[in-house]
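Structure record follows, encoded as structure tokens.
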Amino acid sequence: MVTMNKTTFYKYLKLGHYKKQLRQRKESLEKVGILRGGNSSALYYNKVIGINPKETLLRYLGMEMPIDFDSMLLLDAGFLNETAYESLLNEAGIKFKAEEEIPVQWFITTKSNKKVKVTGRPDCGILDKINDKLALILEHKQIASTWKTKELSHWGMGQPKPENVVQTAHYSWIHGNLPAVLVYCSRAWHALKTKKDILLQPDHRALLGDEYTWGVKPFMTLYDVTWDSNNLLFEGRKTAIKPDGIKEYYELIANCAESKTIPQNYYVDIWGKPMNKKKREKYYDWAHIPEEDYEEWVELIQNECDLAWQEVEQKIKELEAELID
């Protein structure tokens, strides 16, 4: 008989995590050859506003690594934000639709004239009180680190992730250029020693000393994302993001897959200013894989992915064996 204690409870959670990962993996494999809204980015004079195109290409080809249990704790906090917001909207009597009720779907065309589907789901959409039509798109993001607390917030440095802005723009555009809000939320207190004079609004949520902040309270940062014809406006200011740029990014990915080419692009921010390529690719998992030959590159990454998923299956078997009554 299994002893009921903290270790058993923890194993139950890990078993659920690994089984969920495997289920999501099978669902993801059904979407191979579909471009995903979660990889939303745009091109600006052949430079990328957003996500490393290699990562997008590999996901398009069906190559994704499992997420470890500890990292999932962080990601789950983002999903819980959505549930919390929806609860408050219900209490306020505001009508809305959740992500699965307002999907987006459209197509790009490759150089070989092949149609490729692009799909996605905004996190939430607020409905007009009079006609119940979709009136406002919401995209929710979680802040879970001290540096991102300062970098992404409106009171800090006001520098949202380019891919977050493009994803919000993408869904807004496909839904008819509806106004949208990019929502960042930090639900923790952070120690943050920073000179006040480099922050935009240090008195908003920061805990202040004479010259420095020494911490920050939980907060939300909201950014307006709107359109002026084909120009995306971020907080009313014209950006380098256009619908054609979003299309071109997805076309780049599908064309690279067709031509068996590894994309090599530089990066700019939402204003079109250069960004450090090394920093933008800091968390790219496959930097150790040689890129001289496309097919070898794909094969080596596929082998590592297969091995990682085999390890997940083995962990499930081991935990199930330990937890048998």
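No gaps in the numbering here: position 153 of the sequence shown is 173 in my numbering, and each next residue is one more.
Beta carbons: idealized from backbone N, C-alpha and C, even for Gly.
Check, Outcome
"Beta-carbon gap between residue 79 and residue 59 smaller than 8 Å", "yes"
"Whole-Å CB distance - residue 94 paired with residue 164, under 8 Å assumed", "5 Å"
"For residue 58, the three-state DSSP class (helix, strand or coil)", "helix"
"CB of residue 254 within 8 Å of CB of residue 269, strictly", "no"
"Span separating the alpha-carbon of residue 331 from that of residue 84", "14 Å"
"Length of the line joining the Cα atoms of residue 154 and residue 188", "15 Å"
"Distance, residue 35 Cα to residue 159 Cα", "30 Å"
"Pairwise C-alpha distance: residue 274 and residue 265", "15 Å"
"Per-residue burial, residue 41 [other beta carbons within 10 Å of its own, 16 or more giving buried]", "buried"
"Cβ pair residue 170, residue 177 closer than 8 Å", "yes"
"Alpha helix (DSSP H) runs contained entirely in the region 106-185, provided each spans 4 or more residues", "166-172"
"Cβ contact check for the region 183-203 and the region 56-70: 3 or more pairs under 8 Å", "yes"
"Residue 91 burial status per 10 Å Cβ neighbour count (16 or more: buried)", "exposed"
"Residue 48 (DSSP reduced to helix, strand or coil)", "helix"
"Own chain, CB closer than 8 Å to residue 344, minus 5 neighbours either side, in chain order", "22"
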